[in-house]
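Okay, so here's the structure we're looking at.
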Amino acid sequence: MPRRSRRAEPPVVEPLVRLAVRGGPHRGVSRSTLERRALKMLRHLELSAELSLSLVADAEMQGLNRDYRQKDRPTDVLAFALREGEGESPVVDGREVLGDVVISVDTARRQAASRRRPLLDELTLLLAHGLLHLLGYDHETDAEEAEMNAATRDLVAAASRRKA
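Quick note on the numbering used here: the sequence shown kicks off at 5 and runs consecutively.
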């Protein structure tokens, strides 16, 4: 009896995070820990994806917020998806290229202090929030906000676990 050929599963490609730090040095920020947390989020979502993460100062963030959202003030996080509308994201080397998450370390530091939590926890929350925007989540309605908040908590928990 001839052997049946099995359809090969596409190879699993490890996610990739490209981390850039500008406008620093940003003391108290562990690049390696933040990169590890971003990778954990992508793995938790079972995404073979590439994510660009930029840590910037308020001055650069204010310029981005002014140019792209017409709000002339810094904000905590911006997300720039490469996906066009409901279309597909580009794929490079087997990874879906999601886009860019930009976080203002200055704003994150102020928010962390006002919420009495470590800077790393605030950065992780903002990273999760930005990543979810790249995946199409939004918070325009109460229902969307509740869904996004639950997904954010899930990603933060996955990223903060010691293993994986």
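From the three backbone atoms N, C-alpha and C, an ideal C-beta is built for every residue, glycine too.
When DSSP assignments are scanned along the stretch 68-148, the uninterrupted stretches of alpha helix (DSSP H) that are 4 or more residues long and fall wholly within it turn out to be 109-118, 123-138. The alpha carbon of L59 has as its nearest neighbour, out of A150, V106, A154, L135, the alpha carbon of V106. Looking only at R47, A116, L139, Y141, the smallest Cα-Cα distance to L129 is reached by A116. Only buried fits V81, as 16 or more other CB atoms lie within 10 angstroms of its CB. Collapsing the DSSP output to three states places R35 in a helix. R77 sits exposed, since fewer than 16 C-beta atoms from the chains shown fall within 10 Å of its C-beta. By the Cβ-count criterion, R99 is buried, with 16 or more other Cβ atoms from all chains shown falling within 10 Å of its own Cβ. Around the C-beta of A24, fewer than 16 other C-beta atoms lie within 10 Å, and the residue is accordingly described as exposed. Contact between the stretch 136-156 and the stretch 26-35 is absent, with fewer than three C-beta pairs closer than 8 angstroms.
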